[in-house]
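J.: Numbering (mature numbering (1 follows the signal peptide of the UniProt record, and there is no 0)), first residue to last: -40 to -1, 1 to 114.
Just so it is clear, CB atoms sit at the ideal spot from N, CA and C, and this is done for glycine as well.
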Amino acid sequence: MTGWAGGRGGLCQGPGTTTATSITLLLTSILALSPRGLHADTSTTNWHLSNVSGVAGTQTQLPCIVANTQKGSPTLVLWYKDGTRIPFYTLDLREGGNKGEYVANEYKGRVTSDMTGSKLLIKHLKGSDAGDYKCRVDFDNDPTLSALVNLTVF
């Protein structure tokens, strides 16, 4: 009899058993139905959604539209793609410092932002640029705001 550690007729006897299959299906269903399954936190906040399209080889701008009712100024703008947890672009807008910019290697030379961080410019669009983008804006003393942008490339 095959089994996993602690096994011998226990909960999971092996990959081919009915119990193991049931547990696998249950965990897969939970992940698939979870609001965090594909895009972290998109269902828990009322975010602005924009749709942008562009033609491969040209450039386009992704708007970071956040309903800024706060009085504070933005200090940091971060852009994420397709639900990743690590931003591919950041813009540091803190006073007194240099307006620092970080661009991930795959976007170097193709991505930049205006000095306010309100728009992300993508040059030389590729089919692989299509997807869901999230813009996150941090403020001095106010809550963080986010916006979603869907980019379609033709």
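Looking at leucine 22: is its Cβ nearer than 8 Å to the Cβ of valine 37?
T.: no
J.: Report buried or exposed for leucine -16, applying the criterion of at least 16 other Cβ atoms within 10 angstroms of its Cβ.
T.: Below a pLDDT of 50, predicted positions are generally treated as unreliable, and leucine -16, at 38, falls in that range; no measurement from the model is reported.
J.: For the region 9 to 17 and the region 96 to 112, state whether three or more C-beta atom pairs, one from each stretch, are separated by less than 8 Å.
T.: They touch, by the three-pair rule.
J.: Comparing C-alpha positions only, which one of Gly32, Arg54, Cys95, Pro103 sits nearest to threonine 44?
T.: Cys95
J.: Do leucine 85 and glycine 14 have their beta-carbon atoms positioned less than 8 Å apart in this structure?
T.: yes
J.: Where do the N-terminal and C-terminal ends of the beta strand (DSSP E) with phenylalanine 99 fall, by residue?
T.: 91 to 99
J.: Based on Cα-Cα distance, which residue from Ile46, Lys68, Trp39 lies nearest to lysine 83?
T.: Out of Ile46, Lys68, Trp39, Lys68 has the C-alpha closest to the C-alpha of lysine 83.
J.: Could you say which of Tyr49, Leu53, Gly91, Ser78 lies nearest to asparagine 65 if we only look at CA atoms?
T.: Tyr49
J.: Just to confirm, are aspartate 100 and glycine 32 a CB contact at a threshold of 8 Å?
T.: Yes. Within cutoff.
J.: Taking C-beta to C-beta, are lysine 41 and glycine 91 nearer than 8 Å?
T.: yes
J.: Tell me which residue opens and which closes the beta strand (DSSP E) that lysine 41 is part of.
T.: 34 to 41
J.: Would you report the Cα separation of leucine 105 and tryptophan 39, rounded to the nearest angstrom?
T.: 12 Å
J.: Report the residue from Arg54, Tyr93, Asp74 whose alpha carbon sits nearest the alpha carbon of proline 47.
T.: Tyr93
J.: Hey, aspartate 89 and valine 113: beta-carbon distance below 8 Å or not?
T.: yes
J.: Between the Cα of proline 103 and those of Cys24, Thr72, Thr35, spot the shortest distance and give me the residue it belongs to.
T.: Thr35
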